[in-house]
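Chains as they are written, first to last, in the numbering used here: chain E, -18 to 310; chain U, 1047 to 1300; chain F, 764 to 996; chain P, -5 to 280. Below is one structure, written out as structure tokens; comments come after it.
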Amino acid sequence: MNKRILIWILSYGILTVFPFLIPLFITGPYVTHILILTVMNIILASSLRLINLSGQLSLAHGGMMTIGAYTSTLLVVKLGLSSWVALLLAGLLAAVIAGLVGFPFVRLKGIYFAIVTIFLTAMVTLMAQQWRSLTSGSYGIYNIPRPDPIVIPGILNITFTSSVNCYYLVLVIMLVSLIMLYAIEHSRIGLTFRGIQQSDSLAESVGVNTAGLKVLAFSIGCFFAGITGGFYSQYIMAIAPDTFGFLFTVYILIYMTVGGSGKFIGPILGAFILTILPEVMRPLKQFQPFFFAGVLMLVIFLMPEGIVGLPGRLKTIAGRLFKEQQERA
Amino acid sequence: MLKIEGLTKHFGGLAAVSDLDVSIGPGETVGLIGPNGAGKTTVFNLVTGFLRPTKGRVVFEGKDITTKKPHYLAGKGIVRTFQATNIFPDFTVLKNIVFAHYLRPRISFWETVCHTQSSRRKEAEILQRSHKILELVGLEPVAGTTAGTLAHGYKRLLGIAIALAAEPKLLLLDEPFSGMNAEEVGTTMQLIDRLEQRGLTILLIEHNMRAAMNLCQRIVVLNFGKKIAEGSPEDIRENKEVIQAYLGAGEVIA
Amino acid sequence: MLKLKDVTVRYETAEAVRGVSIEVPEGSVISVIGANGAGKSTILKAISGLVPLYSGEIEFSGQKINRMAVNQIVDLGVVQVPEGRRLFPYMSVMANIKLGAYLRRDKRGMMADMEEVFRLFPRLKERSNQKAGSLSGGEQQMLAIGRGLMARPKLLMMDEPSLGLAPVVIDLLADTIRTINQSGITVLLVEQNASLVTRVSQKCYVIEVGRVVLEGNVQELMADDSVRRAFLG
Amino acid sequence: MDISTLLQSILNGFSSAGIYILVALGLTLVLSIMNIVQLAHGEIYMIGAYGVYYITTSLGLNFFLALVISTLLMGGLGIVLERLCFRPLRGQFDRAAIASIGLILILQNVVLSIAGGDPRSYMSPFTGVLKILGVAISWDRLSIVLFGFGLVAALFLFIRMTKTGQAMLAISQDRDGAALQGINIDRISMAAMFLGCALAAIAGALVGAIFSVSPTMGGFALMKGIAVIILGGLGSIPGAVVGGLIIGLIDGIMPILTTTHIAGLIGFGAIIIILLFRPQGISGHE
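Here is the structure:
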């Protein structure tokens, strides 16, 4: 038993430490950028899965990132708040808006809810474009400061002027987010979400406030989107209304679906593979969208459970073949 | 305990339930019977808050609960089962019951996320209670099975067990025997008997008239959404109108 | 005319049918009776091609039909008046009736049959412009049967036509089923209403939990205790 | 504000409404008959416009002929998509919607790699202005109103008078009930996709004639179409017409009453308020 725990800690330790070591071996601004995107996509796809856990399909992540990005930017630029406080508030505001908007719409079932969330993303973009006094319109906001340095006098002085340090930062955000998401999923709240997904009227009948909890799931998922949006604007030092539009949101959905929303690791795998792989085949850059769509279609039609369902599927196919052979013999 | 007064529900132009009065005292087992389409399930949906009545009131323990939501009513002790097999198919049998303990004992959000001492104690308690319920309904041997793969009769029993886990004062059972074979009907009847002895108040929808007559002290017969008879099983058995509603004509099977 | 051989249907949930064999000779009225959830509707759905068979075979006039599409089966003359009527509630009575003849091209024959349906159910004629959803339960059942007749069925399958009908209307229903049968249409009736079954059909199958537990002459079966159990429990 | 600006904006509102209704009708037809939210509908609209662009500029055909050809081609594309993509996913609501998102990526990028990202334009056959009571009304806007509402009338007639139309109505009300009347669901689904895509193509082509065509123009159409069908009630054909009129008129008239940026948000506000009181939309059933 102790040995198993040791192996468990060791393997997860290595998995955790490994991403921190990557910049030691592979360097270059472009590579770092891709690494940052990968980590962001993992947060986004995993938090989208939390919403999915309660039986809802959300396409509001792009809108929530935009809200997060503008919130953190404006708080820093206009009010001079600490970037860290601003980042947290960005997440919270996204969560609050998700809660407010989610409430009237949560009664809509299945894809109808998804449609409304598409709409939400579009509306956020529109507002960012039109509310010129605040957002400077379609032009966007530039020269956003990078996150404030973390300084403990005499001991620590981490600045975020280099991209590599931004990568470390987002990596830490990802680890914290994943731990939180995992904890939520394996708590009673997570159990309740999964129950609602399977049968919301039965859950309601044993006392679950299904509407409220669905809004809660939506809200928590959007919190992470808000934080990620805030981070990205600080890292790239700019934000425009259409940075995270409908297509951006769709990509997050694709990471989750291709990876498989049934397991915690699914969206992580999906985001990792689908962000890294197109970069590996960069000469074919122009075919990237087709690659994306192709993989998505492949998964939709042939692997309903996504990549994480592949081992199980191969097992059943192998089992069937084996059985057939036995029957023939 | 429960009082239904002038309950009416229209769907479009058609009245599914009209002007229904029923009252149930504490500890009583009342049967709600009637042919298919008589409006029995609609009554359930109205009492448990899944539907809003067009007219009329539902009073529970002296309080008007007519417009309350199902989850609120579950908290007050009104719990129902569903006619179509209704379980959480992806959970194990045990987890179905653990889930159904949602309301009691309360564990706060932070307690569960942070795994505090008290939450662990409460969770152990829930687990213990869940096993007790499984023993009561006889599902303990399949506690670890994924609910979706159970045989039909077991699924129906699990549906009742889920309702019990919510600790009802008033239990509404919607055709608990449908699709069960004779043996399963027997065990389920024994189960309901035991629940009655424990003092649970039960409102039972049943198509199976013999089962309803064996279990209930009082029977209310619905046809076309209206109450056509009410009384002891003996009265109901003799009632001309009931026989006619049920069988089309009295003389065929006398 | 219709033969079910060892038919099994599996669902993920609720009712299923296990190894059911039923034979419906041409010109007869055959009934299937049983309690709620016994699998009666599933049998009709399987015949109509709405649910796939897990195993077994269905034959109509010597032709295997269990792999056919729903519309092909209707085209052969196997027509179902489904449980709960399944009318098109926001369309007029007339439009519902016309849709019953969806596969037919003989305008004149259709008109004649429509007159026939209206003669059988004068109430429908009065309400031909009303929305089907606004009809009373009995009228809706008449419309469902009328719509089924418009397809000129060789075999008409009725799934609990007595559902929610007052005794007087059920009497009318029994007359109607007899009239339909006398006009040369074979009828397969799924019911819970014992009196309707005894009045119209010759042979009957008793279904319990997806299995045929008894079959035989209606009068004899009605004397049997197990039949009463199927009805009364 | 003078009376002629008001009339002009009302006309603009009606012409927007015409486009929104055409797009929404296609969405709602496919939704109610196939039970699929076809999110690549905006891409069909876009390709329909490109079709007219290429046929008029490369082949030199006149606008009307190009419109007919492009419409038929898009209808055909709809049938192909139904057969290859949506039929295998029938009954799987979420997966079908996600697949249609995949189609957005594919279709948009096919056009992008053929036509490039720059907007293109072609001449509208409707030029000049019509003067009524001293108010100048541009013919191109008027043409959209006429086309839009003409097609709506035609669709209503089609649904009322033809067997296929009645079958569509029947399927949308009770799928199994319709199948039991011998209605071939596969064939009617193809017809619905054909019609829906054809209507979207016409809308795209009309918009392209006034403004310009670009590979990303579909997104706007999809958003408006979705707004209309949510407002009008999902799957309801009269609802799509009413919803389209409301949102079109809001879009047309609001800019002269308030500032533009508030006008853009009013449509959304209206939807939220309506859904709060009627979750099923204006004329949705149940």
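Every residue, glycine too, gets a C-beta built ideally from N, C-alpha and C.
Contact of Leu906 of chain F with chain P by beta-carbon distance below 9 Å is absent, the smallest such distance being about 12 Å. Beta-carbon to beta-carbon, Arg127 of chain E and Thr142 of chain E are separated by about 6 Å, close enough to satisfy the 8 Å threshold.
Under the 8 Å Cβ criterion, the stretch 844 to 856 of chain F counts as touching the stretch 910 to 922 of chain F, having at least three qualifying pairs.
Residue pairing by DSSP puts Glu1276 of chain U in a beta bridge opposite U:Val1266.
Contact residues of the stretch 1116 to 1142 of chain U toward chain E are Pro1116, His1117, Tyr1118, Leu1119, Ala1120, Gly1121, Val1125, Arg1126, Thr1127, Phe1128, Asn1132, Ile1133, Phe1134, Pro1135, Asp1136, Phe1137, Lys1141, Asn1142 (C-beta to C-beta distance below 9 Å). Taken in chain order, the members of the stretch 860 to 871 of chain F whose beta-carbon sits within less than 8 Å of a beta-carbon on chain P are Lys861, Leu862, Gly863, Tyr865, Leu866. Leaving aside the five residues that flank Asp223 of chain E on each side, the residues in its chain whose CB is nearer than 7 Å to its CB run, in chain order, Thr106. In the DSSP annotation of this structure, Thr805 of chain F is not part of any beta strand (DSSP E); the continuous alpha helix (DSSP H) holding it starts and ends at 803 to 811. Taken atom to atom, the span from the alpha-carbon of Gln86 of chain P to that of Cys79 of chain P is near 12 Å. Residues Ile177, Ile182 of the same chain have their beta carbon placed closer than 6 Å to that of Ala161 of chain P, with the five preceding and five following residues left out of the count. Taking all protein chains in view, the Cβ of Phe8 of chain P is crowded by 16 or more other Cβ atoms within 10 Å, so the residue is classified as buried. Within the stretch 158 to 187 of chain P, those residues whose Cβ lies closer than 7 Å to any Cβ of chain F are, in chain order, Gln160, Ala161, Leu163, Ala164, Gln167, Asp168, Asp170, Gly171, Ala173, Leu174, Gln175, Gly176, Ile177, Asn178. For a cut-off of 8 Å, the C-beta gap from Ala75 of chain E to Gly251 of chain E is around 22 Å, too long to register as a contact. Annotation: Glu166 of chain E has no Cβ neighbours in chain U at a cutoff of 7 Å; minimum Cβ distance is about 10 Å. Residues are counted here when their Cβ sits less than 8 Å from a Cβ of chain E; for the stretch 49 to 64 of chain P the count is zero. Each of P:Gly144, P:Val62, P:Ser132 was checked against the Cα of Ala43 of chain P, and the nearest Cα belongs to P:Val62. With contacts defined by Cβ atoms closer than 8 Å, Tyr39 of chain P and Ala185 of chain P do not form a contacting pair. Within its own chain, the residues whose Cβ lies closer than 7 Å to the Cβ of Ile3 of chain E, once the five positions on either side in sequence are excluded, are Leu16, listed in chain order. Contact residues of the stretch 211 to 244 of chain P toward chain E are Gly213, Met217, Ile220, Ala221, Ile224, Leu228 (C-beta to C-beta distance below 7 Å).
Close partners of Arg89 of chain P in chain E (Cβ separation under 8 Å): Ile281, Pro285. Per the C-alpha coordinates, the member of F:Gly900, F:Gln945, F:Glu889 positioned closest to Ile933 of chain F is F:Gly900. Of all residues in the stretch 23 to 38 of chain E, those with a C-beta nearer than 9 Å to a C-beta of chain P are Leu38, reading in chain order. Excluding its 5 nearest sequence neighbours in each direction, Ile288 of chain E has C-beta neighbours in its own chain below 8 Å: Val239, Gly240, Gly241, Gly247, Leu250, Gly251, Ile254, Val280, listed in chain order. With respect to the 8 Å criterion, Gln1129 of chain U and Glu1186 of chain U are not classified as neighbours on the basis of their beta carbons. The alpha helix (DSSP H) runs of length 4 or more contained entirely in the stretch 130 to 157 of chain P are, from start to end of the chain, 133 to 155. With a threshold of 16 other beta carbon atoms within 10 Å, Arg1244 of chain U falls short and is exposed.
For Ser824 of chain F, the CB contacts under 7 Å within the same chain, skipping 5 residues up- and downstream, are Met764 in chain order. Within the stretch 1268 to 1281 of chain U, the residues whose Cβ lies closer than 8 Å to some Cβ of chain F are Phe1270, listed in chain order. In this structure, Phe227 of chain E places its C-beta atom within 8 Å of the C-beta atom of Ala103 of chain E.
The DSSP-derived three-state label of Phe225 of chain E is coil. Among the residues facing chain U, Ser182 of chain E is included, as its CB has a counterpart in that chain under 8 Å away. Taking all protein chains shown into account, Phe141 of chain P has 16 or more neighbouring C-beta atoms within 10 Å of its C-beta and is therefore buried. Distance from Ser26 of chain P to Gly229 of chain P at the Cβ level is roughly 4 Å; contact confirmed, criterion being Cβ atoms closer than 8 Å. DSSP, reduced to helix, strand and coil, places Gln835 of chain F within a helical segment of the structure shown.
Considered as a whole, the stretch 879 to 938 of chain F harbours 885 to 889, 900 to 912 as its complete alpha helix (DSSP H) runs of no fewer than 4 residues, in chain order. Chain-order list of chain U residues neighbouring Gly188 of chain E: His1117, Ala1120, Gly1121, Tyr1148, Leu1149, Ala1212, by C-beta distance under 7 Å.
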